[in-house]
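Protein chains in written order, with my numbering: chain A, 790 to 892; chain B, 515 to 959.
Now the structure itself:
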């Protein structure tokens, strides 16, 4: 069952910014790119690195540990050494709140 | 659902201050040297950064979820009585009779008994608060001076500054403490406790000991910052069992270290079942010629448990033998890490060192890492290591089902079979039964 969780107000996450939120045991990074929001888990499937602290190039983020790359729109892996996708989450805006869908 | 914004990548430290250490000292009426040790450890603690994902030993363990505002409240002033401890936790697991039983609830000693036979032989079995006065010389010589040192890390320093309770076992030269000793650390309150076990065996002494770590169901996060020190003197023999089954709100950060002397023998059994997150350093120092250490580790993680076990076998003398076997399983979304190292110092020849970690994953969503390592600086040694991973084989399950056994029981039998190699190393029937019950509880609930 999908559970929508409010993480912040839209004004708190302006265009081009990212924030990491702790929900239960997960760290989830939410990005605002051109006023659209995307969310991935901050856990590189290669070796548990903090992927969301990496550099963002368009929609691709590079894990700061070993350079694995992921598309933040769907979590798909784009470059090794990671072989698996990073978990991603749906994001919606309700009123002025940013919400993510926990699976 | 609680949502926390992560402001900084660095982990947040608990809110302790020097005043907490001073308050503990004022309350305890400990000898001056012990107070000085606490304050020196506090200075060290303050000078060290919190371990983070940038540190090699911690890169796979992210504990930043811990809510220190709940977990760092010392629980030693909470009400405590023996009545809250379930009776089965007090039963002897080794033999029918116990040489001594010490029970701590919320870090307070609530029950103490020891056989006259052991006392007559000169064996010391005392809680640390009592030992600080009645056995000061033993404590001063051995407490955090030979095995676990405050400088071993941030949590070791924190423990040295703020340890709350613990047990001292001392067996004099040529004495065999035949009856096993049992220590129970049981918590009913959410918050922090820092237990310590110090075992000192003099030359040619023998002892068998079981330590049980458990807690009642919790509502908020808890932290256990513990230390275990096993000092096995020349030609001494220690059999030591530690079983951990904290509630699922507990974060454990512990250092366990043994020093084994010349021709001495240590048989060390570790069972890790509970806690939410566990980071444990398990170190074996073979310090005397002919020292022999065997470490058998059992772990089983389920739901979202995270276990990180860091083992080290240090061959600091020639002709030493170490044999470490860890076997673990994980299911649901659990995460386990085992990092092992055999270290052989220069000129320490004729070493026999072995380490293995065998892993069984019971769902596609678990992650289990096993990272063995060798650092050999001598050239006449036999050191080997192994790490294996596997899932339940369908063939034996199918075979058992074809004999009329339902799938859950069939899978349980296969998993029990996986652990059998480890259980065979456990020389105590009831400890084996406890571990078997833990396997069953993990599989069938």
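In this text, a Cβ means the ideal position worked out from N, Cα and C, and glycines have one as well. Since the model is a prediction, treat every value here as computed from it, not as a measurement.
{"Query": "In angstroms with no decimal places, state the Cα-to-Cα distance between residue 638/B and residue 607/B.", "Result": "21 Å"}
{"Query": "Keeping to the same chain, check which residues put their C-beta closer than 7 Å to that of residue 837/B; ignore five residues upstream and five downstream.", "Result": "808, 868"}
{"Query": "By Cβ distance below 7 Å, which residues in the same chain neighbour residue 877/A in space, the five residues on each side in sequence not counted?", "Result": "828, 829, 863, 864"}
{"Query": "Do the CB positions of residue 854/A and residue 838/A come within less than 8 Å of each other?", "Result": "yes"}
{"Query": "Quick one: what does DSSP say residue 762/B is sitting in, helix, strand or coil?", "Result": "coil"}
{"Query": "Jot down the residue ranges of each uninterrupted beta strand (DSSP E) in the stretch 791 to 869 of chain B, minimum 3 residues, whole runs only, in chain order.", "Result": "791 to 800, 806 to 815, 820 to 829, 835 to 844, 849 to 858"}
{"Query": "Listed in chain order, which residues of the stretch 561 to 586 of chain B have Cβ atoms closer than 9 Å to some Cβ of chain A?", "Result": "567, 573, 574, 575, 576, 578, 579"}
{"Query": "With a threshold of 8 Å between beta-carbons, can residue 882/B be considered close to chain A, or not?", "Result": "no"}
{"Query": "Taking all protein chains shown into account, do 16 or more other C-beta atoms lie within 10 angstroms of the C-beta of residue 596/B, making it buried, or fewer, making it exposed?", "Result": "exposed"}
{"Query": "On the DSSP letters alone, give me the boundaries of the beta strand (DSSP E) that residue 549/B sits inside.", "Result": "Note, residue 549/B: premise wrong, no beta strand (DSSP E); alpha helix (DSSP H) at 546 to 561."}
{"Query": "Below 6 Å CB to CB, which residues in the same chain sit around residue 563/B once its five sequence neighbours on both sides are set aside?", "Result": "none"}
{"Query": "Confirm, please, whether the CB-CB distance from residue 811/B to residue 777/B is below 8 Å.", "Result": "no"}
{"Query": "Would you decide whether residue 633/B is buried or exposed? Buried here means 16 or more other CB atoms lie within 10 Å of its CB.", "Result": "exposed"}
{"Query": "List the residues of chain B that residue 812/A touches, going by C-beta distances under 9 Å, in chain order.", "Result": "515, 516, 517, 518"}
{"Query": "Assign residue 615/B to one of three DSSP states: helix, strand, or coil.", "Result": "strand"}
{"Query": "Taking beta-carbon pairs under 7 Å, can you tell me which members of the stretch 795 to 818 of chain B lie near chain A?", "Result": "818"}
{"Query": "Which value, in whole angstroms, describes the spacing of the CA atoms of residue 516/B and residue 807/A?", "Result": "19 Å"}
{"Query": "Whole angstroms is fine: what's the gap from residue 744/B's alpha carbon to residue 713/B's?", "Result": "5 Å"}
{"Query": "So with Cβ pairs under 8 Å, would you call residue 523/B a contact of chain A?", "Result": "yes"}
{"Query": "If you draw a straight line from the alpha carbon of residue 616/B to that of residue 695/B, how long is it in whole angstroms?", "Result": "8 Å"}
{"Query": "If you run the structure through DSSP and keep just helix, strand and coil, what is residue 782/B?", "Result": "strand"}
{"Query": "Could you run through the stretch 791 to 817 of chain A and flag, in chain order, every residue whose CB is less than 8 Å away from some CB of chain B?", "Result": "792, 794, 795, 796, 797, 808, 809, 810, 811, 812, 813, 814, 816"}
{"Query": "So with Cβ pairs under 8 Å, would you call residue 830/A a contact of chain B?", "Result": "no"}
{"Query": "Specify the secondary structure class of residue 913/B as computed by DSSP and reduced to three states.", "Result": "helix"}
{"Query": "Please decide whether residue 839/A counts as near chain B, where near means a Cβ-Cβ distance under 8 Å.", "Result": "yes"}
{"Query": "Tell me, to the nearest whole angstrom, how far the beta carbon of residue 930/B is from that of residue 908/B; I am working on the premise that it is less than 8 Å.", "Result": "Wrong, their Cβ atoms sit about 17 Å apart, outside the cutoff."}
{"Query": "At a threshold of 7 Å, does residue 749/B count as lining the ligand ATP (C-beta to nearest heavy atom)?", "Result": "Because no ligand of any kind appears in the structure shown, any question about the ligand ATP cannot be addressed here."}
{"Query": "What three-state label does DSSP hand residue 709/B in the structure shown?", "Result": "strand"}
{"Query": "Rounded C-beta distance between residue 816/B and residue 845/B? I'm assuming under 8 Å.", "Result": "5 Å"}
{"Query": "Going by alpha carbons, who is nearest to residue 635/B out of 557/B, 757/B, 921/B, 683/B?", "Result": "683/B"}
{"Query": "Indicate the three-state DSSP secondary structure (helix, strand or coil) for residue 620/B in the structure shown.", "Result": "coil"}
{"Query": "For the stretch 841 to 857 of chain A, which residues have a CB atom closer than 7 Å to at least one CB atom of chain B, in sequence order?", "Result": "842"}
{"Query": "Along chain B, which residues have their Cβ under 9 Å away from the Cβ of residue 836/A?", "Result": "573, 574, 883"}
{"Query": "From which residue to which residue does the beta strand (DSSP E) around residue 948/B run?", "Result": "Run containing residue 948/B: none in the beta strand (DSSP E); it sits in the alpha helix (DSSP H), 943 to 958."}
{"Query": "For residue 582/B, report the span of its beta strand (DSSP E) as first-last.", "Result": "It is not in any beta strand (DSSP E) - residue 582/B instead sits in the alpha helix (DSSP H) that spans 582 to 585."}
{"Query": "So if DSSP puts residue 793/A in a beta bridge, which residue, or which two residues, is it bridged to?", "Result": "890/A"}
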